[in-house]
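Novice: Residue numbering for the sequence shown follows our numbering, beginning at 10 and increasing consecutively.
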Amino acid sequence: MGQVAFDTLQASEELETAGISREQARAISLVVRKSHEVADVATKADIAEVKRDIADVRKDMDARFEKTDAQIADVRKDIDARFEKNEAQMQ
10 MGQVAFDTLQ
20 ASEELETAGI
30 SREQARAISL
40 VVRKSHEVAD
50 VATKADIAEV
60 KRDIADVRKD
70 MDARFEKTDA
80 QIADVRKDID
90 ARFEKNEAQM
100 Q
């Protein structure tokens with residue numbers, strides 16, 4: 010999975026602007042960055058890739074189903090022909 014970008018400097022500056030001390034702001038920013046590093050988060054690119062993979066699998070399945078349907082139709086024709094032949098021989 011992709012990494013989520015997190016700008017610790019910007020976060021620290023925003024926290025300092027909000028009135029938190031520099032040391033606390035830095036510590037908070039580092040903790041948040043570390044949580045992003047260990048989090049198993051899917052990015053939009055990850056999701057798009059999975060969607061492409063699913064679409065490829067669907068296309069493959071559709072092609073296989075069409076082939077299977079054609080094979081079944083061939084088997085039915087063969088069975089029908091054999092029954093007709095057997096019926097003709099029995100008469």
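From the three backbone atoms N, C-alpha and C, an ideal C-beta is built for every residue, glycine too. Note that the structure is a prediction, hence the values are computed from the model and not measured.
If distances are taken between C-alpha atoms only, which option among Asp55, Asp89 and Arg42 comes closest to Thr17?
Specialist: Against the sequence shown, residue 17 aligns to sequence position 8. The shortest Cα separation from Thr17 among Asp55, Asp89 and Arg42 belongs to Arg42.
Novice: Could I get the ranges of all uninterrupted alpha helix (DSSP H) runs contained in the segment 11 to 55, with 4 residues as the minimum, in chain order?
Specialist: Whole alpha helix (DSSP H) segments, 4+ residues: 17 to 26 and 31 to 47.
Novice: With distances taken between CB atoms, is the gap from Glu46 to Ala34 smaller than 8 Å?
Specialist: Here residue 46 corresponds to residue number 37 of the sequence shown, with the count starting at 1. Here residue 34 corresponds to residue number 25 of the sequence shown, with the count starting at 1. No.
Novice: To the nearest angstrom, how far is it from the Cα of Arg91 to the Cα of Lys68?
Specialist: If you number the sequence shown from 1, residue 91 lands on position 82. If you number the sequence shown from 1, residue 68 lands on position 59. Computed Cα separation, rounded: 35 Å.
Novice: Alpha carbon to alpha carbon, how far is Ala79 from Met70?
Specialist: Within the sequence shown, residue 79 is the residue found at index 70, counting from 1. Within the sequence shown, residue 70 is the residue found at index 61, counting from 1. So the alpha carbons of these two residues sit roughly 14 Å apart.
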